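Participant:
2 protein chains.
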Amino acid sequence: MSEDTPVVGLRERKRYAAMRLVQEVALDLFDAHGYADVTVERIAAASDVSPSSVYRYFGTKEHIVLWDENDPIWFARIPQGLRSHPPLETLRFMVDALVSEVLRSDQARLRRRISLIMREPSVEAASALQAYRAAEAFGTAVSEALGREHGDLEVQLFSHGVVGAVVGGLHHWYESAFSTPLETIMGRVAASFERGFGLAD
Amino acid sequence: MSEDTPVVGLRERKRYAAMRLVQEVALDLFDAHGYADVTVERIAAASDVSPSSVYRYFGTKEHIVLWDENDPIWFARIPQGLRSHPPLETLRFMVDALVSEVLRSDQARLRRRISLIMREPSVEAASALQAYRAAEAFGTAVSEALGREHGDLEVQLFSHGVVGAVVGGLHHWYESAFSTPLETIMGRVAASFERGFGLAD
DNA sequence: TGTCATCTGACAGTGTCTTTCATTTGATAC
DNA sequence: GTATCAAATGAAAGACACTGTCAGATGACA
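Protein sequences appear in the order of chains D and F.
All the letters of the first sequence, read from the start, carry residue numbers 1090 to 1290 under my numbering.
All the letters of the second sequence, read from the start, carry residue numbers 1090 to 1290 under my numbering.
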């Protein structure tokens, strides 16, 4: 009773289990036959759910790849961190936490998802939109924490710049065939905004 | 004969004229009835071209909005600038040129296009992908100019960070109902990367 | 003016995504 | 346990973005 278990009912558990299964099945099919040649109908049949449910779960075919169970948790932590620390420190903090979480979690699936994102333009577009939205959300949280008005120019440039750099870092990770350690990459992202971009000028 | 006129033939001139017309007609229809409720077929009929041609011109419905005649010219100028100036100076230079070009050109159309991008998620996604691709191209050009290897981490973070900030600036412009002067916004973008982001920390 | 390469329009087809409705299934009170 | 209610599911029809193909038209060039 004193545990902070969110009292998640059977309904929700089944839903998440089904979503995990559909994503897994879809990733397998995409790897085997290519993204374009696998229809949503086929994914649904192979996962024993109706196509209707796949669309109810993910909304679009692209989001079968993009969906991540833990994303909402991350989004919730940002305003929390900003309440007690300045933006750059929060950035460093979040980025560290994210890296160690990623290293702990299902890396194989994550890499397959990132590879698909980088290979399929439609998935790439949906992913880019997600990043853009994340930058907006981050900017809003920073504005509130600093007591600036919503949409403050400096904050806007900062939040979009940071998210842009993170995205660039993930691209670098993929391009290096995931060989550059993620902590190296994200450490540089944080350092760039703390001490400036080290381009000879 | 000594002029650098690209000797543009009748064929190409007609093509561009048709594209301009289709975009204009489409923007009018979108404003009148909403993006989702205007089919490509309808746009084609109202522009007196076949739907096939609309797809040949723009590729997708979203790119009817995104297409800009002058984009290729801009892309071509980047490596040129980087050959003679360091990245931050080139950034400042390009951003200034872009602003004065925008102020000179058809602003009404530009604002209608930006408004559509911000309002319609599918157009927003395609636009975000374009920005992402631009960051890649910019990064490649910077790497070459600085003699670093392709995909150099610092360059990657810089180029994506810069493009992210520019995108954030455009968002701010839109949110302010285009009242914040574009030169103020873009000046801040350049300054942020030259002297650091001025967030109290 | 004639020949060639390229562009255009017409048309059929595929797959994504939406909407609607009857049916099933988990949540809650008794 | 059983009844009641809210929500999720599956089935099916339809809209429309987009692709591929082919015959005909049109500009480029000798």
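Think of the CB as a built atom: it goes at the ideal place given N, C-alpha and C, for glycine as much as any other residue.
These numbers were taken from a predicted model, which means no experiment stands behind them.
Is the separation between the beta-carbon of T1213 (chain F) and that of G1240 (chain D) shorter than 8 Å?
Facilitator: Rather than Thr, the amino acid found at residue 1213 (chain F) in this sequence is Glu. Not a contact, by the Cβ cut-off of 8 Å.
Participant: DSSP three-state label for S1091 (chain D), please.
Facilitator: Here the model assigns S1091 (chain D) a pLDDT of 36, short of 50, so the residue's position is not dependable and the matter cannot be decided.
Participant: Looking at C-alpha atoms only, which residue of D:D1160, D:S1189, D:Y1124, D:R1166 is the closest neighbour of T1179 (chain D)?
Facilitator: The residue with the shortest Cα to Cα distance from T1179 (chain D) is D:R1166.
Participant: Taking the straight line between their C-alpha atoms, what separation do you get for V1111 (chain F) and R1193 (chain F)?
Facilitator: V1111 (chain F) and R1193 (chain F): Cα-Cα distance of roughly 22 Å.
Participant: In its own chain, which residues sit with a C-beta less than 7 Å from the C-beta of V1114 (chain D), not counting the 5 before and 5 after it?
Facilitator: Excluding sequence neighbours, V1114 (chain D) sits near I1132, A1135, S1136.
Participant: Which value, in whole angstroms, describes the spacing of the CA atoms of Y1221 (chain D) and Q1219 (chain F)?
Facilitator: Each residue's alpha carbon lies about 12 Å from the other.
Participant: Would you verify that the beta carbon of I1206 (chain D) is, or is not, closer than 8 Å to some beta carbon of chain F?
Facilitator: Output row for I1206 (chain D): interface = no.
Participant: Are the Cβ atoms of L1187 (chain F) and A1234 (chain F) separated by less than 8 Å?
Facilitator: No.
Participant: Is M1090 (chain D) close to chain F, meaning its C-beta is less than 8 Å from at least one C-beta of that chain?
Facilitator: Per-residue confidence for M1090 (chain D) stands at a pLDDT of 39, beneath the threshold of 50, marking its modelled position as unreliable; no derived number is given.
Participant: Taking 8 Å as the CB-CB cut-off, is L1246 (chain D) touching chain F?
Facilitator: Cβ-Cβ to chain F under 8 Å: yes for L1246 (chain D).
Participant: By the criterion of Cβ-Cβ separation under 7 Å, what are the contact partners of H1261 (chain D) in chain F?
Facilitator: Neighbours of H1261 (chain D) on chain F, chain order: G1240, L1242, Q1245.
Participant: Which runs of the alpha helix (DSSP H) spanning at least 4 residues fall entirely within the region 1117 to 1205 of chain D, listed in chain order?
Facilitator: Correct list: 1129 to 1136, 1140 to 1147, 1150 to 1155, 1160 to 1173, 1176 to 1193.
Participant: Nearest to E1190 (chain F) by CA position, among F:R1237, F:S1139, F:D1160, F:S1211, is which residue?
Facilitator: Answer by Cα proximity: F:D1160.
Participant: Measuring only the C-alpha atoms, how far is P1176 (chain F) from V1231 (chain F)?
Facilitator: So the alpha carbons of these two residues sit roughly 7 Å apart.
Participant: With respect to the alpha helix (DSSP H) encompassing A1280 (chain F), which residues constitute its N-terminal and C-terminal limits?
Facilitator: Taken as a continuous stretch (DSSP letters only), the alpha helix (DSSP H) holding A1280 (chain F) covers 1271 to 1284.
Participant: Find the residues of chain D that neighbour V1252 (chain F), judging by a C-beta separation of less than 7 Å, and give them in chain order.
Facilitator: Within 7 Å Cβ-Cβ: G1253.
Participant: Show which residues of chain D have a CB atom less than 7 Å away from the CB atom of E1264 (chain F).
Facilitator: Within 7 Å Cβ-Cβ: G1240.
Participant: Pick helix, strand or coil for H1260 (chain D), following the three-state DSSP scheme.
Facilitator: H1260 (chain D) falls in the helix class under three-state DSSP.
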